[in-house]
Every structure is written in C-alpha cells, then in structure tokens.
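Below is one structure; the comments refer to it alone.
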Amino acid sequence: MLKYSSKKQFLNDKTILVTGAGDGIGKQAALTYAEYGATVILLGKTVKKLESVYDQIIAKGGNEPAIVPLDLKGATAKNYQDMANTIIDQFGCLDGLLHNASFLGHIGPFGQITEEDWHAVFQVNTHSQFLMTQALLPALKKAQNSSIIFTTSGLGLKGKAYWGPYAISKFATQGMMQVLADEYENTHIRFNCINPGPTHTALRSLAFPGENAKNLKTPEEIMDVYLYLMDSEESLDTGKTINAQ
Ligand code: NDP
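The sequence shown begins at 2 in the numbering used here and counts up one residue at a time.
Following this line, the structure appears as structure tokens:
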C-alpha cells in the first residue's frame, strides 16, 4: 500500500460524497479527502457535527464542502434522487462515494432481536446503500473514473454470537459490493469494501465499553487505504475487501 503523504493534492478536481461524515472514521475520511484536494459532500444526521467538519476543512484552506443533512433511517428513494440531481447540477458528476455510516442496533441473543431493531439496522446499513447507490449511478457514470467504497467489519466476514442484525447487515453489504463489482467489471466504476478493524470511535466505545482505547488505532492512522481506493491512478481494484489494519 502506498504511503500517501507524498501525493498531496492528487484528488484535485474530484468530488467525493462521504456518509456519516460528522464523526469517527467518516469525519476523518472527509477531512483527509479535502486535505488531498477533493471537494467533499458531507452527509450525516447531526447538522452541528457536519458544520464543525465544514469549518475545519475551510480553516485548513480546503475546497468549500457541501452539507447534506439526512437521517438514513427515514430517507426515501425521492430524497436520494433529489440529492443526485443536485450533485449533477452543482458538480457535473461524482468521482467517489464512501458508504461509511452505520447503526449498531441492539447487541444480544438472536431470540430477543425485535422486528423494529432489525428494520432500523437494515434501513441504515443496507437499504440506504441500495437506494443511494442506485440514485447516484448516473452521476458516478459521468465521472472519468469513479470509486465506490462500502464499509464492512470482521463481523461481516465471520458471523459471531450476539451481533445479530449488525453482523448480518455487514454480510449484505459485502454481497452488494460483489454484485455491483461483477456487474460493472471492465468499466470505469470500481466497487470495493474496507474493513477498518478496531478503531477508536463512538461506535467502538458503545460496542466495547470496557476496552482500553489506548490499544486501538485512531481513524487518522487507517486513512491510507481510504486514499488508495479513491486513487484512480494507483488502484484498479474492484470487488475486493481490504483490511485497513
Ligand atoms: P461512529 O459512530 O463514530 O460514526 C458513525 C457516523 O455515522 C456518525 O457520523 C453518525 O452520525 C453517522 N450515522 C449513524 N447513523 C446515521 C443515520 N441514520 N443517518 C445518517 N448518518 C448516520 O462510527 P465509526 O466511525 O466507528 O464507524 C464507521 C464505519 O466503520 C461503520 O460502517 C462501522 O460499522 C465500521 N466499522 C467500525 C469499526 C470500529 O472499530 N470503529 C470496526 C469495524 C467496522 P451522528 O454522529 O450524527 O449520529
């Protein structure tokens, strides 16, 4: 894997949408893409967090980002279609899409999973990715090269007791990526998954409250793979799941 400190500004003229851009890994990915020259579309649930990321990008001299406040839990096909139309109007095309936002849901025995929790996790982690990717395909096709990154987890590679809907939704994410990569093989659109590995974020603290965060990587430390998969000069990968650690 390349070390990207030597390739500053290689994302000049690129427009990249990041979901869950207000916190954790998504926030760091948005800041990093902006640092390397991209114009970033910040999508997330909490507007204050998105505004804070916006301010940090501007303060560092980055291109002015766009903010899309959207709760993936309630978003409809029309919301995504409106967003896609606005992106084509404002930017002409979309070069990159990082599906990063996720909802953990309830961790516990399979027999106690409620239908409500199952729906909520699948709505945020899987259904929204289907609707958003479908709506954005025309904008992604207009780019010279485009890269769609999905986010999986070790739990999407090997199911584990008590991780119920979250783990199963990550298997579905891998499946969606593989179907799309096969369908778009030999085109200029690439689809891959990143497995971030244990990383110090709010979601991680919620899932493992007793864990010593000092033993975890920070989002900043895992950014090389996020840059690599957006680098159309270096990466021809498609259909792959890459471990960030
Ligand atoms: P965080 O909880 O730190 O950040 C998640 C982001 O997603 C937040 O900005 C949050 O917004 C946003 N989000 C959550 N729900 C919604 C929603 N309904 N609509 C819009 N935005 C939403 O998580 P991480 O950074 O840890 O996780 C990022 C990705 O990495 C996830 O896909 C996760 O499954 C994966 N992952 C993480 C690991 C880790 O150790 N951290 C390990 C393996 C995988 P808000 O802050 O406004 O709620």
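C-beta: ideal position from N, C-alpha, C; glycine also.
| Item | Value |
| --- | --- |
| Member of E221, L138 and D118 whose CA lies at the smallest distance from the CA of N86 | L138 |
| C-alpha gap between I58 and A203, whole angstroms | 21 Å |
| Nearest-angstrom Cα separation, counted from P220 out to K74 | 24 Å |
| Alpha helix (DSSP H) segments (min. 4 residues) lying fully within the segment 103-173 | 116-123 and 129-143 |
| Pairwise C-alpha distance: T152 and G21 | 11 Å |
| Nearest residue (CA-CA) to K143, options F92, K161 and Y227 | F92 |
| Cβ-heavy atom distance, G23 to the ligand NDP, below 8 Å | yes |
| Which listed residue (E234, Y55, S147 and M178) has its alpha carbon closest to that of N126 | M178 |
| G97 (DSSP reduced to helix, strand or coil) | strand |
| Boundaries (first-last residue) of the alpha helix (DSSP H) holding I88 | A78 to F92 |
| Beta-carbon proximity check, S166 vs H107, cutoff 9 Å | Note that residue 166 corresponds to Pro in the displayed sequence, not to Ser. Against a cut-off of 9 Å, the Cβ pair of H107 and P166 comes out as a contact. |
| Straight-line Cα distance separating N193 from S154 | 13 Å |
| 6 Å CB neighbourhood of L181 in its chain, flanking five on each side removed | F192 |
| Contact check, L44 vs P70, beta carbons under 9 Å | yes |
| Cα-Cα separation, V251 to S129 | Lying before the first or after the last residue shown, residue 251 is absent from the chain, which here runs from 2 to 246. |
| Sequence-distant residues of the same chain with beta carbon closer than 6 Å to N146, five excluded per side | H189 and S233 |
| N-terminal and C-terminal residue of the beta strand (DSSP E) that A67 is part of | A67 to P70 |
| Test item: CB-CB of K28 and K50 under 9 Å | yes |
| Among G63, A208, G25 and A30, the one whose alpha carbon lies nearest that of D14 | G63 |
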